[in-house]
Structure formats: structure tokens, C-alpha cells
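A short write-up of the structure that comes next.
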Amino acid sequence: MRRSSAASDSEVTFRYFSDDALAGARDEGFVGYPAFALRAGEWSNDVLETFMRRLPPRKRSDFPRYLETLRIDPAAKFTDFALLGASEAKLPSDGFSIIDPLDDTDDDREMVIEASGYRHLAGCPLVSAGEVVSFELDPENPKDPEAVAIRTGCELVGWVNRLQTRAFRQWLADDRLSAVVDRLNGTVEAPRLYVFVSVSKASSKK
1 MRRSSAASDS EVTFRYFSDD ALAGARDEGF VGYPAFALRA GEWSNDVLET
51 FMRRLPPRKR SDFPRYLETL RIDPAAKFTD FALLGASEAK LPSDGFSIID
101 PLDDTDDDRE MVIEASGYRH LAGCPLVSAG EVVSFELDPE NPKDPEAVAI
151 RTGCELVGWV NRLQTRAFRQ WLADDRLSAV VDRLNGTVEA PRLYVFVSVS
201 KASSKK
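Rendered as C-alpha cells:
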């Protein structure tokens with residue numbers, strides 16, 4: 001999903017990656033998002049509206065509380081496109097999400113990310129909100145040598161989403177990351193761990 005820098009929220013487009021890039025996902029059973037057939041080409045009609053149906057409407061009385069779970073000030077002004085990026089359009093009923101690849105690595109930012117793989121770790125390590133979190137490279141990872149592990153102390157609690165590891169590897173190299181446990185969500189059978197991450201601004205290049 002893409003919006004040009006000069007475009008409004010009504011000018012959002014959507015397309016799938018190439019067949020080669022999606023090969024692994026297809027092997028795992030990916031058949032595309034229901035509203036958009038899995039084929040080449042670009043959609044431009046009602047793209048944003050389609051994905052916004054996954055989020056609570058702004059008129060709901062508990063919408064400010066929803067924003068607070070994303071660490072967004074309810075009084076802040078933001079576009080629907082920005083909200084999709086912050087929320088990842090996640091629903092508790094499915095595993096679909098929209099992932100921000102974090103292409104801009106120079107600016108400072110704050111975000112909440114999910115620790116991928118947390119529920120698959122033996123015993124699901126116990127964590128507490130506010131507990132300090134660290135990141136480290138995981139070159140021995142059998143699934144992805146570019147992986148970035150998430151830890152509380154010496155305890156592995158998950159990994160950064162692989163679509164965001166390039167940015168996190170850069171921030172690690174520049175020593176610009178700090179993070180704490182934000183919250184535990186989900187169910188006993190499928191717990192989900194969320195981490196609040198702060199990234200400091202890149203130093204000026206000489």
C-alpha cells in the first residue's frame with residue numbers, strides 16, 4: 001500500500017509484490033487479501049476505506065482508549081493512513097497486519113511493535129510492563145540470518161518483524177534504540193507481547 005508524499009488519504013494505491021517475492025508466502029497458503037485478488041496490477045479505488053474497516057471508527061466513545069494502547073495522544077492530529085501504519089490494522093481474530101518497513105531511518109520516532117514468535121517460545125517468558133528491552137543481531141537464526149532478537153535481560157522474548165529488520169539493524173549500529181515492555185495481550189493459548197520503542201534522531205553527517 002502506498003501514498004505519494006503529496007497525495008491525500010483518498011489517493012492511496014495498493015499492489016502485491018512480484019510473484020517471486022511472494023513465492024514463500026504462497027507456499028505457506030497465502031491467497032491474498034479478500035478485497036484484492038492476488039494478481040499483478042494496482043488498485044486505487046476505496047483502498048484506504050477497505051483497510052480502515054479493520055479499525056474502530058473515530059466516533060466510538062472508546063476510541064481515545066484505543067489510541068492510548070498505540071501510545072498515540074488522543075488529542076494529536078493524524079491521518080487515517082498514519083493510523084493504519086501505527087496500528088498495523090491488526091484484529092485479534094486473524095493474523096493479518098500491515099507492516100511499516102520503516103524506510104526513513106534518520107528521524108527520531110516512537111512506536112509500538114509486536115515481538116514476533118513470543119507465543120512459540122517455551123513457556124512464554126514472563127515479562128512485566130515497563131521492563132527494559134534490548135535488541136541484538138541473531139546471525140545464527142536458522143530461518144533468517146538477518147534476524148534481530150528481542151530480549152529482556154538474558155531472556156529471549158521474540159524477534160523484530162523481518163520486514164523491519166533493516167531499520168533495526170541500522171539503529172542498533174548507530175546505538176539509537178531504547179525500549180520497554182508495553183503490554184501483554186491475546187489469550188492464554190496465544191499471548192502477544194508488545195514493545196514500546198524509542199529511536200533517537202540520527203546525528204548530522206559531516
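Quick note: the sequence shown uses the UniProt record's numbering, first residue 1, plus one each step.
Every residue, glycine too, gets a C-beta built ideally from N, C-alpha and C.
Just to confirm, is the Cβ distance from residue i to residue j under 8 Å?
| i | j | result |
| --- | --- | --- |
| Glu-110 | Arg-71 | yes |
| Gly-117 | Trp-159 | yes |
| Ile-113 | Phe-135 | no |
| Val-157 | Val-127 | yes |
| Ala-89 | Phe-51 | yes |
| residue 208 | Arg-166 | Coverage of the chain is limited to positions 1 through 206, which leaves residue 208 absent and any answer about it impossible. |
| Val-47 | Phe-78 | no |
Straight-line CA distance for residue i to residue j?
| i | j | result |
| --- | --- | --- |
| Ala-40 | Val-31 | 13 Å |
| Lys-143 | Ser-203 | 33 Å |
| Val-199 | Asp-108 | 5 Å |
| Leu-163 | Lys-59 | 32 Å |
| Asn-141 | Ala-37 | 33 Å |
Among the options, which has the Cα closest to the Cα of residue i?
| i | options | result |
| --- | --- | --- |
| Thr-105 | Gly-24, Asn-141 and Asp-174 | Asp-174 |
| Asp-19 | Val-12, Ala-75 and Asp-27 | Asp-27 |
In three-state terms, what does DSSP make of residue i?
| i | result |
| --- | --- |
| Glu-68 | helix |
| Gly-24 | helix |
| Leu-84 | helix |
| Phe-78 | coil |
| Arg-109 | strand |
| Ala-167 | helix |
Inset, instruction - Tell me, please, whether the segment 114-123 touches the segment 71-87 by the rule of three or more beta-carbon pairs shorter than 8 Å. - result: Because the criterion of three Cβ pairs below 8 Å is not met, the segment 114-123 and the segment 71-87 do not touch.
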